[in-house]
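Under this note's numbering, the letters of the sequence shown match residues 8 to 128, in that order.
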Amino acid sequence: MTYDVWDGDDEAEAGRLVPLYILVNGRTSPRNTNLDLATQVIALPVDATRLEPEYRDIVRRCNDWMSIAEIGAYLGRPLTITKVMVDVLLEQGFLAVGSPAQEQIVDRRLLEMVLAGLQRL
Numbered sequence: 008m009t010y011d012v013w014d015g016d017d018e019a020e021a022g023r024l025v026p027l028y029i030l031v032n033g034r035t036s037p038r039n040t041n042l043d044l045a046t047q048v049i050a051l052p053v054d055a056t057r058l059e060p061e062y063r064d065i066v067r068r069c070n071d072w073m074s075i076a077e078i079g080a081y082l083g084r085p086l087t088i089t090k091v092m093v094d095v096l097l098e099q100g101f102l103a104v105g106s107p108a109q110e111q112i113v114d115r116r117l118l119e120m121v122l123a124g125l126q127r128l
């Protein structure tokens with residue numbers, strides 16, 4: 008029986024072993040109190056190469072609108088830590104907050120047709 012032992016030299020295979028509290032500088036909650044798990048964020052067109060790999064992963068995932076809960080699920084991080092990490096990226100200007108549903112629908116006829124269809128159900 009053989010065991011694979013990590014000798015600390017190959018970071019790519021073993022992954023980064025960074026305690027979560029180090030990633031968020033000991034913060035336990037985001038400074039932006041309006042953030043929740045459904046908050047949608049998107050990456051801004053800035054150079055993220057100076058970021059830690061964990062933060063770069065978040066920016067890379069957010070090429071399109073994504074909720075904080077989705078980010079946490081994709082990265083396998085606890086949601087509270089993910090929320091704080093997103094808050095840090097928002098503060099530093101790497102992400103923008105909002106929602107793709109903020110666009111106003113101006114076609115009232117379409118909305119009336121949807122309402123009528125729902126009423127028929």
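Where is the CB? At the ideal position from N, CA and C, for every residue including glycine.
For residue i, which residues does DSSP report across the bridge?
i: V49; result: Just to set this straight, residue 49 is Ile in the shown sequence, not Val. I49 is bridged to A103.
Would you call residue i buried or exposed, if buried means 16 or more other Cβ atoms sit within 10 Å of its Cβ?
i: V31; result: buried
i: C69; result: buried
i: P60; result: exposed
i: L125; result: exposed
i: I29; result: exposed
i: T35; result: exposed
i: P37; result: buried
i: A19; result: Residue placement at A19 is poorly supported in this model, since its pLDDT is 44, which falls under 50; the coordinates are not used for a value here.
i: L128; result: exposed
i: T56; result: exposed
i: G33; result: exposed
Can residue i be considered in contact with the ligand MN, in the sense that its beta carbon sits closer than 7 angstroms to one or more heavy atoms?
i: V91; result: The model on display carries no ligand, and the ligand MN is accordingly not part of it.
If residue i sits next to residue j, beta carbons under 8 angstroms apart, how far is it from one beta carbon to the other, in whole angstroms?
i: F101; j: L44; result: Not quite, the Cβ-Cβ distance comes to about 19 angstroms (not below 8 angstroms), so this is no contact.
i: V48; j: V93; result: 6 angstroms
i: T46; j: I75; result: 5 angstroms
Contact the region 112-125 vs the region 81-96: 3+ CB pairs below 8 angstroms: Judged by Cβ distances under 8 angstroms, the region 112-125 makes no contact with the region 81-96, as fewer than three pairs qualify.
Every unbroken alpha helix (DSSP H) inside the region 48-93 [4 residues or more]: Within the region 48-93, complete alpha helix (DSSP H) segments of at least 4 residues are found at 60-68 and 75-82, given in chain order.
Inter-stretch contact at 8 angstroms, needing at least 3 Cβ pairs: the region 116-127 / the region 64-75: Judged by pairs of C-beta atoms under 8 angstroms, the region 116-127 does not touch the region 64-75, as fewer than three such pairs exist.
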